[in-house]
Amino acid sequence: MLRKIKHSIKKAFHFSNRESNSLLAMVTFMLMAVIAPKAVQLYYRWTYKPDHCAETALLDKQLALLQANADRLVPFDINSATAEPLQAIEEMTEQLAGRILRYRDKLGGFVSVDQYKEVYGLSSRLRAKLMEHTTIRKGYPPKKISLNQSTFKRLAAHPYISYDMAQAIIDYRKRKGKFTTLRAIQTLPGYHPDWGKKAMPYLSL
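Per the numbering used here, numbering of the sequence shown is gapless, rising by one per residue and ending at 306.
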């Protein structure tokens, strides 16, 4: 091949053997100077591209996992939550999420995670998940129900106030006038300390 090229150069330019060799060497050198860097660049590109892609894919996977874990581990405030974050909890159905929110609103807000036990239909496993994914702000002030201003219907609508207790409150107001202290509920018929402890955060004068 080189011999044919050399012969063609010699014939075309009437070069001697020495001149033909020099020109051929010069052309070869120039080609190598241009082609070699491109060849090296292509070599490294094709050699390292798979590893680079693999590293990028692994990094993306790790970032996605970290984001998923972050979303999963960051608790949200149950007293300001909507249905969406609740439904994102594993095993939580739309029906149960709605039931939790309705009970929260009837209460006037949760003051303790122990109150999750009062929501009908929640399994112990789901309650544990709910406790893991939610928080209750320390010192959260629940919505109060007035012993002196609320009607029988309003009193009895609260989950902690039975019809009998609502009537006892109304009767107290008729006999003695307004409640002057919250402790006065201890004199009501049917009062129990356990009930008083639960109801007290939701009562006002």
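Ideal placement from N, C-alpha and C gives every residue a C-beta, glycine not left out.
Small disclaimer: the values here were computed from a predicted structure and weren't measured.
*Taking DSSP as the reference, what is the three-state secondary structure of L197?*
The residue labelled residue 197 in the question sits at position 96 within the sequence shown. L197 falls in the helix class under three-state DSSP.
*Looking only at C-alpha atoms, which of A182, L231 and K239 sits nearest to M193?*
Numbered from its first residue, the sequence shown carries residue 193 at position 92. Relative to the Cα of M193, the nearest Cα in the group A182, L231 and K239 belongs to L231.
*Which residue comes first and which comes last in the alpha helix (DSSP H) that contains Q268?*
For the purposes of this step, residue 268 is taken as the residue at position 167 of the sequence shown. In the DSSP annotation of this structure, the continuous segment of the alpha helix (DSSP H) that includes Q268 starts and ends at Y264 to K277.
*Under 8 Å Cβ to Cβ from Y273, same chain only, skipping five residues before and after it: list those, please.*
As a working mapping, residue 273 is identified with position 172 in the sequence shown. Here the set comprises F280, A285, T288 and L289.
*Tell me where the alpha helix (DSSP H) around P294 begins and ends.*
Residue mapping note: residue 294 aligns to position 193 of the sequence shown, counting from 1. Taken as a continuous stretch (DSSP letters only), the alpha helix (DSSP H) holding P294 covers P294 to A300.
_What residue range does the alpha helix (DSSP H) around R255 cover?_
As a first step, residue 255 must be located in the sequence shown, where it is residue number 154. Counting along the chain, R255 sits inside the alpha helix (DSSP H) bounded by residues F253 to A257.
*Starting from the Cα of P260, find the closest Cα among T183, L306 and I201 and give me that residue.*
As a working note, residue 260 is residue 159 in the sequence shown. Answer by Cα proximity: I201.
_Which residue wins for smallest C-alpha separation from V220, given the options Y241, H234, A198 and K239?_
Looking up residue 220 in the sequence shown gives position 119. Comparing Cα-Cα distances from V220 to each of Y241, H234, A198 and K239, the minimum goes to A198.
*What number of angstroms, rounded off, separates the C-alpha of S305 from the C-alpha of L248?*
Your numbering for residue 305 matches position 204 in the sequence shown. Your numbering for residue 248 matches position 147 in the sequence shown. Between S305 and L248, the C-alpha separation is close to 6 Å.
_Beta-carbon within less than 7 Å of Y292's beta-carbon, same chain only, minus the 5 sequence neighbours each way: which residues are those?_
As a position in the sequence shown, residue 292 is number 191, starting the count at 1. Excluding sequence neighbours, Y292 sits near I286.
*Can you grab the Cα-Cα spacing for the pair L208 / W296, in whole Å?*
Looking up residue 208 in the sequence shown gives position 107. Looking up residue 296 in the sequence shown gives position 195. Taking the straight line joining both Cα atoms gives about 14 Å.
_Measuring straight from C-alpha to C-alpha, what distance separates Y264 and A257?_
The residue given as residue 264 occupies position 163 in the sequence shown. The residue given as residue 257 occupies position 156 in the sequence shown. If I take the Cα positions, the gap works out to 5 Å.
*What residue range is occupied by the uninterrupted alpha helix (DSSP H) comprising E185?*
The count along the sequence shown starts at 1 and reaches residue 185 at position 84. Counting along the chain, the unbroken alpha helix (DSSP H) around E185 starts and ends at A184 to Q188.
*Select from R255, T236, I246 and Q250 the residue whose C-alpha is nearest the C-alpha of K275.*
Walking along the sequence shown from the start, residue 275 turns up at place 174. Out of R255, T236, I246 and Q250, Q250 has the C-alpha closest to the C-alpha of K275.
*Please state whether DSSP places L248 in a helix, a strand or coil.*
Reading the sequence shown from its first residue, position 147 is the one you call residue 248. The answer is coil: DSSP assigns L248 none of H, G, I, E or B.
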